[in-house]
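For the sequence shown, UniProt numbering puts the final residue at 154, and the numbers step up evenly by one. We put the beta carbon where it would ideally sit given N, CA and C, even for glycine. This one's a predicted model, so the numbers in the text were calculated from it and none came from an experiment. Right, one structure below, let's go through it.
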Amino acid sequence: MVKLTEVEDEHFSQEKPQPSKHNVLLASDDEEEDDYTDTESEISVESDLEVDDETFYDRLYALKDIVPPSTRRSITSTVNSVTSFTKSSIQFSGKALWIISTSAFLLGVPWALAYAEEEQYIQMEREQGMIKGANEMLTPGVPAGEEKPAQPSL
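If you want it as structure tokens, here you go:
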């Protein structure tokens, strides 16, 4: 069998506060003005914290205990979902940009080269038509298929 014994603190054994009216220890009465204080502890005037070396992040991190855990969890889940959405959006847009650019190179470049070549042929035909028109103007009356006989030189 276990026997319980009450162990009193040294300080309380020397000066034990007496209960006042109605068996209340901390009641304040006009008759009882004795405040119980611990005179052995010293209040440090100098602080161990160096506020000058503290960064904004350190101060913000110290405020985390002010926010309740449920609110912290909801904020964390919101930030995580926004982060994952942003990451997946960037990955998707990068893949889509890769597909579009390679398709443009594989289909667009050969089409552009063929189009440029066709334009060159059309331009050459126009130039030949202009040359024919100029020849007809210089030699009127000669049908287009015939040429003027060469003149003998003297």
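Where do the ends of the alpha helix (DSSP H) carrying Asp58 lie?
Within the sequence shown, numbered from 1, the residue matching residue 58 stands at position 58. Its alpha helix (DSSP H) spans residues Phe56 to Ala62.
How many angstroms separate the CA atom of Lys87 from the CA atom of Lys95?
Numbered from 1 along the sequence shown, position 87 holds the residue referred to as residue 87. Numbered from 1 along the sequence shown, position 95 holds the residue referred to as residue 95. Cα to Cα, Lys87 sits roughly 12 Å from Lys95.
Rounded C-alpha distance that separates Trp111 from Met124
Walking along the sequence shown from the start, residue 111 turns up at place 111. Walking along the sequence shown from the start, residue 124 turns up at place 124. Each residue's alpha carbon lies about 20 Å from the other.
Looking at Lys64: is its Cβ nearer than 9 Å to the Cβ of Arg73?
Position 64 of the sequence shown, counting from 1, holds the residue named residue 64. Position 73 of the sequence shown, counting from 1, holds the residue named residue 73. No, they are not a contact pair.
CB-CB under 8 Å to Ile75, same chain, minus the five flanking residues each way: which ones, in chain order?
Within the sequence shown, the letter at position 75 stands for residue 75. Same-chain partners within the cutoff: Val67.
Using only the alpha-carbon positions, how far apart do Ala62 and Glu54 sit?
Here residue 62 refers to the residue found at position 62 of the sequence shown. Here residue 54 refers to the residue found at position 54 of the sequence shown. Taking the straight line joining both Cα atoms gives about 11 Å.
Local conformation of Asp9 per DSSP, three classes:
If you number the sequence shown from 1, residue 9 lands on position 9. Coil.
Quick check on DSSP: helix, strand or coil for Leu106?
Taking the sequence shown and counting its residues from 1, the one referred to as residue 106 is at position 106. In the structure shown, Leu106 sits in a helix (DSSP, three-state: H, G or I).
Where does Thr86 sit, in a helix, a strand or coil, going by DSSP?
For this step, residue 86 is matched to residue 86 along the sequence shown. DSSP places Thr86 in helix when its eight states are reduced to three.
Can you look up Pro68 in the DSSP assignment and give me helix, strand or coil?
The sequence position of residue 68 within the sequence shown is 68, counting from 1. Note: Pro68 maps to coil in three-state DSSP.
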